[in-house]
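Trainee: Let me begin by handing over the structure; questions about it come next.
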């Protein structure tokens, strides 16, 4: 019995051992691939085909695909799908065989057909149509090569990287370009096509766009515009000429700062944010600080009260024009053209009185313009519409000194008391010899019409012309254009090159201080310009600066430099020491003054 049991146990063990061996062969084997379809069923070398089936390897290089005797490149694989690039073959039908890890399957057929003629190289679309440098875009078209290296894609002359290519699509990486819209150019061999427009979006980066005002003083409030500023003021470092400015306000696109102390001159603005620095804008520190204030009168005009004497806030004018300082420096004489009158303001009491009116002493005053004093204290004034020159003695007696003129606008005296009449009508300055002014001669003639004049410390006569220039006339009559170039404009030009500056044609006032600074009233621009001499005292190599007002902007605002506003001013007068300017603000019916620091 025991022997029987032992035999049965051994037999069962042998049966189980044999069963385990058979199971190992099945579970450890690899199933052969099965083929279901190939799409397309016909084509030509270079086409892409998709083989569907089962038991493929997801690893592309473990699948071998043969079309006839030619091996196809497997470009992508899953367990049920193979993507292949068809190899070269002659025309005809071929069996498709797939081998995976030594196990093969076949049965599908693929037919090689004649390849079509190459499609014309053309562009159809690009997606997206807007992006940044470095982004990838898809270009659709025809006639492309499947080899990315054969395709040349350019935009605005910059070469794009072609990363993928088919006969109808190109995947490209955009090269660097400025923001803007540009066409794509695609080339294949000797074929070229252009047409699709693509827009580069602006990529924000730390940059400077503008500063306003562009000229000013230490303490001037500047507005700097740009990009990528910090909204926290303290995180923006703003420097002018290496000196830190106080940042009082900040957004991502605007900084408000106070200009630091600096010598006169033009300096770059540098902004640093989060370790990045940008520089480029220029800010000019003016040589003097001009603080304009309203002195006499009230802005606007009341026709019924256009001639009122009194204190500064009581006096009223009707077109204040020419200004002159009395020889003793105690009073300012104001030609009130609209009232055909001459007014006198006591500089100590600041009371204004009318000293000359039309009809006084039997003399007609008609559109009086500009005038000055001789050494005897007599005031001579161009009586424009009457075409003569008036004389007013220290006791305010009025008479006609010179008559028979064409269009007199100004009267000046040289150091020898000789009288000079600026006569626009004959485009000349006429000279009348002292002491009685009966002997006359033509001192200078011009191609443009002279409007105003003043002598410099060297005895040269500086004449403002209506051709937008300033001419210096030497005592011997020789002339030189020292500022302006005959082209109307408002820019101050290049420092040291005053003939690059541009003026408007209505330069009604000019005045020179004892150091040779020339103040020019640019009426149409609503500004006061200064022509400063160079280090040797020559204005021909000097610098033009707009010191009061903003070109093209009128108003009655008091303030410093460009912040102050004038309205069609008609005369400017500078004190001999250069510390004070008086301005007839014709359009505001005011007399204003500016201190110079």
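Numbering (this note's numbering), first residue to last: 720 to 1316. Glycine is no exception: its CB is placed at the ideal position from the N, C-alpha and C atoms. Since this is a predicted model, take the numbers as computed values, not measurements.
(1) Tell me which residue opens and which closes the beta strand (DSSP E) that residue 1129 is part of.
(2) If you measure between the beta carbons of residue 1209 and residue 1244, is that distance less than 8 angstroms?
(3) Suppose you measure from the CA of residue 1086 to the CA of residue 1240; what does that come to, to the nearest Å?
(4) Please report the straight-line C-alpha distance between residue 1280 and residue 855, rounded to a whole angstrom.
(5) Below 8 angstroms between beta carbons: does that hold for residue 1050 and residue 1066?
(6) Could you please give me the residues that DSSP links to residue 1100 through a beta bridge?
(7) Would you report the Cα separation of residue 1014 and residue 931, rounded to the nearest angstrom?
(8) Reducing DSSP to helix, strand and coil, say where residue 1223 ends up.
(9) On the DSSP bridge assignment, give the partners of residue 1301 in chain order.
(10) Counting only the same chain and skipping the five closest in sequence on each side, list residues whose C-beta sits under 8 angstroms from that of residue 899.
(11) Is it right to say residue 1290 is buried, meaning 16 or more other beta carbons lie within 10 angstroms of its own, or is it exposed?
(12) Excluding five sequence neighbours on each side, which residues of the same chain lie with their C-beta closer than 8 angstroms to the C-beta of residue 1162?
(13) Go through its chain and collect everything with a Cβ distance to residue 749's Cβ below 7 angstroms, but skip five positions before and after it.
(14) For residue 777, count neighbouring Cβ atoms within 10 angstroms of its own Cβ and tell me buried if that reaches 16, exposed if not.
(15) Indicate the three-state DSSP secondary structure (helix, strand or coil) for residue 1199 in the structure shown.
(16) Report back the beta-carbon spacing between residue 1306 and residue 1286 to the nearest angstrom; my notes put them in contact at under 8 angstroms.
(17) Helix, strand or coil, according to DSSP, for residue 1143 in the structure here?
(18) Only counting the same chain, and skipping five residues up and downstream in sequence, which positions put a Cβ closer than 6 angstroms to that of residue 843?
(19) Should residue 965 go down as buried or exposed, given a rule of 16 or more other Cβ atoms within 10 Å for buried?
(20) Start and end of the beta strand (DSSP E) containing residue 1153?
(21) Give the secondary structure of residue 953 by DSSP, where H, G and I count as helix, E and B as strand, and everything else as coil.
(22) Work out the CA separation of residue 1121 and residue 1107 for me, nearest whole Å.
(23) Rounding to the nearest angstrom, what Cα-Cα distance links residue 863 and residue 894 in this structure?
(24) Considering residue 767, what are the terminal residues of the beta strand (DSSP E) in which it resides?
(25) Evaluate residue 1318 with the Cβ neighbour count: other Cβ atoms within 10 Å of its Cβ, from every protein chain shown; 16 or more gives buried, anything less gives exposed.
(26) So who's on the other strand from residue 782, going by DSSP bridges?
(27) Can you give the Cα-Cα distance for residue 998 and residue 1269, rounded to whole angstroms?
Mentor: In terms of the structure at hand:
(1) 1127-1132
(2) For residue 1209 and residue 1244, yes; Cβs fall inside 8 angstroms.
(3) 19 angstroms
(4) 53 angstroms
(5) yes
(6) 1090, 1109
(7) 28 angstroms
(8) coil
(9) DSSP lists 1292, 1312 as partners of residue 1301.
(10) 875, 918, 919
(11) buried
(12) 1139, 1147, 1148, 1149, 1150, 1180, 1192, 1196
(13) 820, 822
(14) Classification of residue 777: exposed, given that the 10 Å Cβ count is below 16.
(15) strand
(16) 3 angstroms
(17) helix
(18) 859, 860
(19) exposed
(20) Segment: none, residue 1153 is in no beta strand (DSSP E) and carries neither H nor E.
(21) helix
(22) So the alpha carbons of these two residues sit roughly 6 angstroms apart.
(23) 20 angstroms
(24) 767-773
(25) The structure shown does not extend to residue 1318, since the chain is modelled only from 720 to 1316, so the question has no answer here.
(26) 819
(27) 26 angstroms
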